[in-house]
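Trainee: Below you will find the structure I want to go over with you.
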Amino acid sequence: MSIKDLAYWQQRAETISIEGRAFINGQYIEAVNKQTFDSVSPIDNRKLTNVAYCEQADADIAVKAARQSFESGVWSKAAPAKRKAVLLAFADLIEQHKEELALLETLDMGKPIADSLAVDLAGTLRCIRWSAEAIDKIYDEVAPTPDNELGMVTHEPCGVVAAIVPWNFPLQMASWKLGPALAAGNSVILKPSEKSPLTAIKLAALAKEAGIPDGVLNVLPGYGHIIGKALALHMDIDTLVFTGSTAIAKQLMIYAGESNMKRVWSEAGGKSPNIVFADAPNLDEAAQAAAGAFCFNQGEVCTAGTRLLVEASIKDEFIAKVVNAVKTWVPGNPLDPKTNVGAIVDQTQYKRILNYISIGKEQGAKLSIGGEAVEPIENGYYISPTVFSDVNNNMDIAQEEIFGSVLSVITFNDEEEAVAIANDTPYGLAAGIWTSNFSRAHKMAKAIRAGSVWVNQWDGGDMTAPFGGFKQSGNGRDKSHHAFSKYTEIKATWMKLN
Ligand code: NAD
Numbered sequence: 002m003s004i005k006d007l008a009y010w011q012q013r014a015e016t017i018s019i020e021g022r023a024f025i026n027g028q029y030i031e032a033v034n035k036q037t038f039d040s041v042s043p044i045d046n047r048k049l050t051n052v053a054y055c056e057q058a059d060a061d062i063a064v065k066a067a068r069q070s071f072e073s074g075v076w077s078k079a080a081p082a083k084r085k086a087v088l089l090a091f092a093d094l095i096e097q098h099k100e101e102l103a104l105l106e107t108l109d110m111g112k113p114i115a116d117s118l119a120v121d122l123a124g125t126l127r128c129i130r131w132s133a134e135a136i137d138k139i140y141d142e143v144a145p146t147p148d149n150e151l152g153m154v155t156h157e158p159c160g161v162v163a164a165i166v167p168w169n170f171p172l173q174m175a176s177w178k179l180g181p182a183l184a185a186g187n188s189v190i191l192k193p194s195e196k197s198p199l200t201a202i203k204l205a206a207l208a209k210e211a212g213i214p215d216g217v218l219n220v221l222p223g224y225g226h227i228i229g230k231a232l233a234l235h236m237d238i239d240t241l242v243f244t245g246s247t248a249i250a251k252q253l254m255i256y257a258g259e260s261n262m263k264r265v266w267s268e269a270g271g272k273s274p275n276i277v278f279a280d281a282p283n284l285d286e287a288a289q290a291a292a293g294a295f296c297f298n299q300g301e302v303c304t305a306g307t308r309l310l311v312e313a314s315i316k317d318e319f320i321a322k323v324v325n326a327v328k329t330w331v332p333g334n335p336l337d338p339k340t341n342v343g344a345i346v347d348q349t350q351y352k353r354i355l356n357y358i359s360i361g362k363e364q365g366a367k368l369s370i371g372g373e374a375v376e377p378i379e380n381g382y383y384i385s386p387t388v389f390s391d392v393n394n395n396m397d398i399a400q401e402e403i404f405g406s407v408l409s410v411i412t413f414n415d416e417e418e419a420v421a422i423a424n425d426t427p428y429g430l431a432a433g434i435w436t437s438n439f440s441r442a443h444k445m446a447k448a449i450r451a452g453s454v455w456v457n458q459w460d461g462g463d464m465t466a467p468f469g470g471f472k473q474s475g476n477g478r479d480k481s482h483h484a485f486s487k488y489t490e491i492k493a494t495w496m497k498l499n
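So, in structure tokens, the structure goes:
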């Protein structure tokens, strides 16, 4: 049996041992209240394990441990080369455990095992390694000063950082925070989503084994409105970094204002336009990319290309190509390495997507393909990718983030109209532009208010490029050296030289 076989993963799933406790000050412990909640797999609704139900008391203990570790300097003042070596060892351990972590991810939130390995684990490794390598290559500044003075601009770690992350790429979103936060010398409390806590919990043991000192990385699983809120309101957390919905991002800013004005950085929702002009270099390629843009990861992607803007002159031809491409995205057993569409994360999300499909029909959009609940595995949550054409940008399915594979096809007649439609949402995360016209590509890229713009491709980029949103898609940036600005305070030290 090889990792390319369903039986291999099924057998590993039967025998995997799963940790569900919190990790505080270097050890796994139960929540203070001894309570747990069930972790259930959306693949087949099977209970996986009990997970610690953390609350305020656990937050207090973890924050104290994080603060003490930070003040002790054991990590915050360690030589950059030392932190780099430990983080590289951490990455090596993640790599050694990549099959186990990928399996946990798939069991916990339903994504195809092939994606867990090739996307989530690969992205996590790249992020931790890149952040580790950056530590001893970023310099501070000396200000232009007269001869008898010296002005230094230095970056210091913020202190205690809380990271609250979502369920769609649990490990990868955690790594986008942990990589630069730890590299910069902070102590961190990671709060994974209640829907997908298992890989974050496992990660903690690997961090300890790699040599990350006790108290520097703590993991508190639990519900957002309980433990997430306790962290966001905590008086001794310096910085709160978040990836999740726009509604919760706004709430976190309120909590910060109500408590200690901790810095809040959010990566939030999206409703990204994918704009196809009649002069796209290759319409078949564009159609395949348009399908992948909203089908990948069950559409549970912040940058999902859920609004397909098509130039009116190629509307019918292009929709037919997209519908054909969508036929290759088929829900199946997430443990089968051949599957490219897995299970929807839970029943709430499943019902939400089906509800939006009903709204699309009610509001007069034309269903071109999909729109149905399917059941490749009994008791699991699966929906066939759905394309609505004849969509008006004011419809709910075009304005609201569904977080499922539901595509709205909207037509436009010229560049100006395409820009107006593209920018007409509260979000500004990403956009795609397909054209052979170089000037048009540049003009469109400038006019679209989004943090990432892709030309003649979808979802380009890597650790070297910043990622984040305009408007209500967030503030600050993950990835690249720009991410470090969230995890450091800037100090100006001005000295008189006598
Ligand atoms: P969510 O906002 O419901 O939850 C995100 C996290 O916040 C979870 O850990 C949750 O427990 C916690 N939380 C919930 N209520 C809270 C509260 N009152 N106080 C503190 N914490 C709270 O989002 P989700 O459903 O987990 O994830 C989907 C969302 O994430 C989508 O909107 C998606 O666009 C967004 N997302 C954005 C990016 C990005 O980089 N921009 C990446 C991935 C996902």
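Heads up: the sequence shown runs through residues 2 to 499, numbered per my numbering. Even for Gly, the Cβ is constructed at its ideal location relative to N, Cα and C.
1) Grouping DSSP H, G and I as helix and E and B as strand, with all else coil, what is Ala374?
2) On the three-state DSSP scale, how would you describe Tyr351?
3) My understanding is that Ile345 touches Gln400, with C-beta atoms under 8 Å, so please give their C-beta distance in whole angstroms.
4) Within its chain, find whatever has a CB closer than 8 Å to the CB of Ala281; leave out the 5 residues flanking it on each side and keep chain order.
5) Have a look at Ala423 and Ser267 and give me their C-alpha separation to the nearest angstrom.
6) Can you check DSSP and say which residues form a bridge with Leu191?
7) Anyone know if the C-beta pair for Pro158 and Ala185 falls short of 7 Å?
8) Taking all protein chains shown into account, do 16 or more other C-beta atoms lie within 10 angstroms of the C-beta of Phe439, making it buried, or fewer, making it exposed?
9) On a CA-only basis, which of Ala79, Gln69 and Asn187 is nearest Ala164? Give me that one, please.
10) Taking only runs of the beta strand (DSSP E) that begin and end inside the segment 24–112, which ones reach a length of at least 3 residues, in chain order?
11) Beta carbon of Gly225: closer than 6 Å to some heavy atom of ligand 1?
12) Can you name the residues that DSSP bridges to Ile276?
13) Taking the beta strand (DSSP E) that Ser132 belongs to, which residues open and close that run?
14) Please report the residue range of the beta strand (DSSP E) in which Ile411 lies.
15) Shortest alpha-carbon distance to Thr387 belongs to which of Ala326, Lys78, Ser260 and Thr50?
16) Would you report the Cα separation of Thr426 and Asp141, rounded to the nearest angstrom?
17) Which of helix, strand or coil does DSSP assign to Leu207?
18) So what does DSSP say about Pro181, is it helix, strand or coil?
19) Under the rule that 16 or more other beta-carbon atoms within 10 Å means buried, what is Leu498, buried or exposed?
20) Three-state secondary structure (DSSP) at Val331?
21) Ligand 1 and Ile249: does the residue's C-beta get closer than 6 Å to at least one heavy atom of that ligand?
22) Taking the C-alpha atoms as reference points, what is the distance between Gly381 and Val41?
23) From which residue to which residue does the alpha helix (DSSP H) around Lys487 run?
24) Skipping 5 residues on each side, what residues in its chain have a beta carbon closer than 7 Å to that of Cys55?
25) Mapping the DSSP letters down to three states, classify Pro171 as helix, strand or coil.
Mentor: Judging by the given coordinates:
1) Note: Ala374 maps to strand in three-state DSSP.
2) Assigned with DSSP and collapsed to three states, Tyr351 falls in helix.
3) Actually they do not touch by this definition, with Cβ atoms about 21 Å apart.
4) Cβ within range, chain order: Ala287, Trp435, Thr436, Ser437 and Asn457.
5) Ala423 and Ser267: Cα-Cα distance of roughly 22 Å.
6) DSSP output for Leu191 lists Ala164 and Val220 as bridge partner(s).
7) Cβ atoms of Pro158 and Ala185: closer than 7 Å.
8) With fewer than 16 other CB atoms across the displayed protein chains lying within 10 angstroms of its CB, Phe439 is exposed.
9) Considering only alpha carbons, the answer is Asn187.
10) Taking only runs of at least 3 residues, the beta strand (DSSP E) segments lying wholly in the segment 24–112 are 28–30, 37–41 and 48–53.
11) Judged by the Cβ position, Gly225 qualifies as a neighbour of ligand 1 at the 6 Å threshold, a heavy atom of the ligand being closer than this.
12) Looking at the DSSP assignment, Ile276 forms a beta bridge with Leu310 and Ile434.
13) No beta strand (DSSP E) contains Ser132, which is instead part of the alpha helix (DSSP H) from Ala123 to Ala135.
14) Going by DSSP, Ile411 is part of the beta strand (DSSP E) stretching over Val407 to Phe413.
15) With distances taken between Cα atoms, Thr387 lies closest to Ala326.
16) When the Cα atoms are used, Thr426 and Asp141 turn out to be separated by approximately 39 Å.
17) Helix, per DSSP.
18) Correct three-state label for Pro181: helix.
19) That one is exposed.
20) Coil.
21) For Ile249, the CB falls within less than 6 Å of some heavy atom of ligand 1.
22) Cα atoms of Gly381 and Val41: separation of roughly 10 Å, rounded to the nearest angstrom.
23) Note, Lys487: premise wrong, no alpha helix (DSSP H); not H, not E.
24) Apart from sequence neighbours up to five positions away, the residues of its chain that approach Cys55 with a beta-carbon distance below 7 Å are Ala23, Ala32, Leu221, Pro222, Gly223 and Ile228, ordered along the chain.
25) The answer is helix: DSSP assigns Pro171 an H, G or I state.
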